[in-house]
Amino acid sequence: MSSTGNLRPLPFTVDRVSDKEVSRLRSWGFSGHAEIVRTNPSRVNLPPAYSHLAHAYYNFEFRPDDLVLVTYPRSGTTWTSEILWAMRNVGLLEQAEEITSGDRTTFIDMDFLMPSRADDDNPKVKEFLSLFPEGRVEDGVVLQMTKWHKGPRIIKTHLQIDLLNPDLLDTCKTVYVARNPKDVCVSLFHHGKISKMDPFESEFPDYAEAFMADQVLFGPYWDHIKQAWKRKNHANLHFMFYEDMKLDILGELTKLARFLQLDFTEEQLKAISDHASFGRMKSRHERGASGHNHTPGFFRKGQTGDWGNAASGELTAAMDRWIAHNSQDTDIVFKYK
Ligand code: A3P
0 MSSTGNLRPL PFTVDRVSDK EVSRLRSWGF SGHAEIVRTN PSRVNLPPAY SHLAHAYYNF
60 EFRPDDLVLV TYPRSGTTWT SEILWAMRNV GLLEQAEEIT SGDRTTFIDM DFLMPSRADD
120 DNPKVKEFLS LFPEGRVEDG VVLQMTKWHK GPRIIKTHLQ IDLLNPDLLD TCKTVYVARN
180 PKDVCVSLFH HGKISKMDPF ESEFPDYAEA FMADQVLFGP YWDHIKQAWK RKNHANLHFM
240 FYEDMKLDIL GELTKLARFL QLDFTEEQLK AISDHASFGR MKSRHERGAS GHNHTPGFFR
300 KGQTGDWGNA ASGELTAAMD RWIAHNSQDT DIVFKYK
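Using numbering that gives the first Met the number 0, read the sequence shown as starting at 0 and increasing by one per residue.
Next up, the structure:
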């Protein structure tokens with residue numbers, strides 16, 4: 000919301016998908032968010048609660064000391080947010096043993112992924128209502144708490160850049176992490192098997208078909224990435240690849256630190272990398288210190304190239320055609336191994 004209280008009008012609409020599509024999504028195996036809404040003309044699939052919050056997201060005011068992380072789901076969001084937090088708190092890393100990742104960084108999408116109600120027996124809702132007894136839970140507990148939070152914030156979202164405040168990049172530093180579509184697809188599928196928010200109850204080939212047909216939440220995958228890629232030379236945007244982080248984490252941390260204008264010694268960079276290693280993050284998560292992501296199995300393999308273990312030759316050929324088709328108008332090159 001702007002300081003004058005005026006909302007920018009949405010340059011898109013948010014519409015319910017037809018009953019026919021809902022049935023199709025259900026028969027495909029999407030038992031959770033079959034009754035999705037879709038932005039038009041951008042065709043982003045989102046849970047129904049997004050429709051009444053679209054204005055709030057589009058008008059959410061970022062501040063110059065915010066750090067914003069934008070990703071397509073399963074692309075390394077949790078890993079990168081831990082790194083961003085560690086870079087800002089390098090002398091205090093042990094805090095992560097006590098304070099959940101959800102309390103150290105803010106995932107603003109929770110308001111539509113898991114919408115709250117005033118009568119929810121949920122500590123966040125209780126805290127919100129105790130601070131703001133007149134507050135409207137349905138306007139988004141996380142969005143409002145984040146707005147009122149004083150001090151620097153680390154905000155993460157899976158919403159594509161065009162659904163966020165157009166002032167974002169002119170206001171604060173933003174990191175975008177992309178992961179190759181094959182591994183995103185496999186990771187999403189497995190997540191669908193354990194997710195309470197977005198369960199998927201069919202087999203991998205069905206999931207891959209839905210993914211390539213842009214039917215899964217937060218899709219279309221390519222638009223999400225291309226919107227960030229075309230802004231990659233903006234001084235306030237740092238574009239990273241999950242695969243590069245896997246190949247050379249210290250090199251990627253060095254570039255990220257330069258972008259954030261932070262100076263670290265080699266030991267500090269190593270401490271940040273260790274702190275955010277797959278093994279350390281997974282074990283903290285298993286000890287219950289990872290907040291909203293506390294889904295057993297959330298930290299699955301953390302590797303590049305898992306597509307090869309999941310897909311048949313035929314499916315790989317279809318995926319390769321889809322990738323080739325969508326790569327025609329872009330010079331994004333992914334690593335698959
Ligand atoms: P896999 O399912 O392939 O294992 P997000 O946080 O965007 O939802 O991404 C989740 C993916 O990142 C999962 O991929 C998860 O295992 C992986 N991941 C999480 N933390 C990681 C880390 N520290 N290093 C490497 N991969 C990590």
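A virtual CB, placed ideally from N, CA and C, is assigned to each residue, including glycine.
Would you call the stretch 328-336 and the stretch 219-230 touching, i.e. three or more CB-CB distances under 8 angstroms? As far as the Cβ criterion goes, the stretch 328-336 touches the stretch 219-230, which means the pair count is three or higher.
Can you grab the Cα-Cα spacing for the pair residue 36 / residue 114, in whole Å? Position 37 of the sequence shown holds residue 36. Position 115 of the sequence shown holds residue 114. Cα-Cα distance, rounded: 15 angstroms.
Mark residue 172 as exposed unless 16 or more other C-beta atoms lie within 10 angstroms of its C-beta, in which case mark it buried. The residue given as residue 172 occupies position 173 in the sequence shown. It counts as buried.
Taking Cβ positions, are residue 303 and residue 254 nearer each other than 8 angstroms? Within the sequence shown, residue 303 is the residue found at index 304, counting from 1. Within the sequence shown, residue 254 is the residue found at index 255, counting from 1. Between residue 303 and residue 254, the gap from beta carbon to beta carbon reaches 8 angstroms or more.
Residues near the ligand A3P, criterion Cβ-heavy atom distance below 6 angstroms: The filter returns 70, 72, 73, 74, 75, 76, 77, 78, 182, 186, 189, 275, 276, 277, 280, 298, 299, 300, 301 and 305, in chain order.
Return helix, strand or coil for residue 1, following the three-state DSSP convention. Translated into positions along the sequence shown, residue 1 becomes position 2. Residue confidence is low: residue 1 scores 40 on pLDDT, short of 50, so the model does not pin down where it sits. Its coordinate-derived value is still stated next. In the three-state reduction of the DSSP assignment, residue 1 falls in the coil class.
Roughly how many whole angstroms lie between the Cα atoms of residue 123 and residue 145? For the purposes of this step, residue 123 is identified with residue 124 of the sequence shown, where counting begins at 1. For the purposes of this step, residue 145 is identified with residue 146 of the sequence shown, where counting begins at 1. The alpha-carbon atoms of residue 123 and residue 145 are separated by roughly 12 angstroms.
Looking at residue 89: is its Cβ nearer than 8 angstroms to the Cβ of residue 53? Position 90 of the sequence shown holds residue 89. Position 54 of the sequence shown holds residue 53. Not a contact, by the Cβ cut-off of 8 angstroms.
When burial is assigned at 16 or more other CB atoms within 10 Å of the CB, is residue 179 buried or exposed? Translated into the one-based positions of the sequence shown, residue 179 becomes position 180. Residue 179 is buried by the Cβ-count criterion.
Can you tell me which of the three DSSP states residue 284 falls into? Within the sequence shown, the letter at position 285 stands for residue 284. In the three-state DSSP reduction, residue 284 falls in the helix class (H, G or I).
Beta-bridge pairing of residue 264 - partner residues as DSSP gives them: Numbered from 1 along the sequence shown, position 265 holds the residue referred to as residue 264. In the DSSP assignment, residue 264 is bridged to no other residue.
Nearest-angstrom Cα separation, counted from residue 29 out to residue 247: Your numbering for residue 247 matches position 248 in the sequence shown. Your numbering for residue 29 matches position 30 in the sequence shown. In this model, residue 247 and residue 29 are separated by some 36 angstroms (Cα to Cα).
Round the Cβ separation of residue 107 and residue 154 to the nearest angstrom and send it over; I've been treating them as touching at under 8 angstroms. The residue you call residue 107 lines up with position 108 of the sequence shown. The residue you call residue 154 lines up with position 155 of the sequence shown. Rounded, the Cβ-Cβ distance is 6 angstroms, consistent with contact.
Rounding to the nearest angstrom, what Cα-Cα distance links residue 99 and residue 313 in this structure? Numbered from its first residue, the sequence shown carries residue 99 at position 100. Numbered from its first residue, the sequence shown carries residue 313 at position 314. Between residue 99 and residue 313, the C-alpha separation is close to 42 angstroms.
So which of 109, 164, 103 and 110 has the shortest CA-CA distance to residue 150? Mapped onto the sequence shown, residue 150 falls at position 151. It is 103 whose Cα lies nearest to the Cα of residue 150.
Under 7 angstroms Cβ to Cβ from residue 164, same chain only, skipping five residues before and after it: list those, please. By 1-based counting over the sequence shown, the position of residue 164 is 165. The beta carbon of residue 164 sits closer than 7 angstroms to those of 57, 58, 59, 60 and 61, all from its chain and outside the five residues before and after it, given in chain order.
If residue 79 sits next to residue 174, beta carbons under 8 angstroms apart, how far is it from one beta carbon to the other, in whole angstroms? Position 80 of the sequence shown holds residue 79. Position 175 of the sequence shown holds residue 174. Contact holds; Cβ gap of about 6 angstroms.
By how many angstroms is the C-alpha of residue 202 removed from the C-alpha of residue 208? Counted from its first residue, the sequence shown places residue 208 at position 209. Counted from its first residue, the sequence shown places residue 202 at position 203. Cα-Cα distance, rounded: 10 angstroms.
What residues are listed by DSSP as bridge partners for residue 172? Taking the first residue of the sequence shown as 1, we reach residue 172 at position 173. Beta-bridge pairing links residue 172 to 66.
If you reduce the DSSP assignment to three classes, tell me which class residue 195 lands in. Stepping through the sequence shown from its first residue, residue 195 is reached at position 196. Secondary structure at residue 195: coil, using DSSP grouped into helix, strand and coil.
Quick check: the stretch 305-320 against the stretch 180-195, are there 3 or more CB pairs under 8 angstroms? By the Cβ test, the stretch 305-320 is in contact with the stretch 180-195, since at least three Cβ pairs between them sit closer than 8 angstroms.
Can you name the start and end residues of the beta strand (DSSP E) that residue 13 belongs to? As a first step, residue 13 is located in the sequence shown; it is residue number 14 there, counting from the start. 12-15 is the span of the beta strand (DSSP E), which, as asked, contains residue 13.
Return the CA-CA distance between residue 325 and residue 206, expressed in angstroms with no decimal places. Sequence index remark: in the sequence shown, residue 325 carries index 326 (1-based). Sequence index remark: in the sequence shown, residue 206 carries index 207 (1-based). Roughly 19 angstroms between the two C-alpha positions.
List, from N- to C-terminal side, the alpha helix (DSSP H) runs of 4 residues or more that fit wholly inside the stretch 94-149. The qualifying runs are 100-103, 109-112, 122-130 and 140-147.
Using the Cβ count rule (16 or more neighbours within 10 Å means buried), how would you classify residue 189? As a first step, residue 189 must be located in the sequence shown, where it is residue number 190. Burial call: buried.
From 21, 41 and 19, pick the residue whose C-alpha is nearest to that of residue 10; which is it? In the sequence shown, counting from the first residue as 1, residue 10 sits at position 11. Checked all of 21, 41 and 19; the closest Cα to residue 10 is 41.
Using a 10 Å radius around the Cβ and a threshold of 16 neighbouring Cβ atoms, would you call residue 147 buried or exposed? Residue numbering aside, residue 147 sits at position 148 when the sequence shown is read from its first letter. Exposed: under 16 other Cβ atoms inside 10 Å.
Specify the secondary structure class of residue 155 as computed by DSSP and reduced to three states. Your numbering for residue 155 matches position 156 in the sequence shown. Correct three-state label for residue 155: strand.
Helix, strand or coil at residue 342 according to DSSP, with G and I counted as helix: Not covered by the structure: residue 342. The range shown for the chain is 0 to 336.
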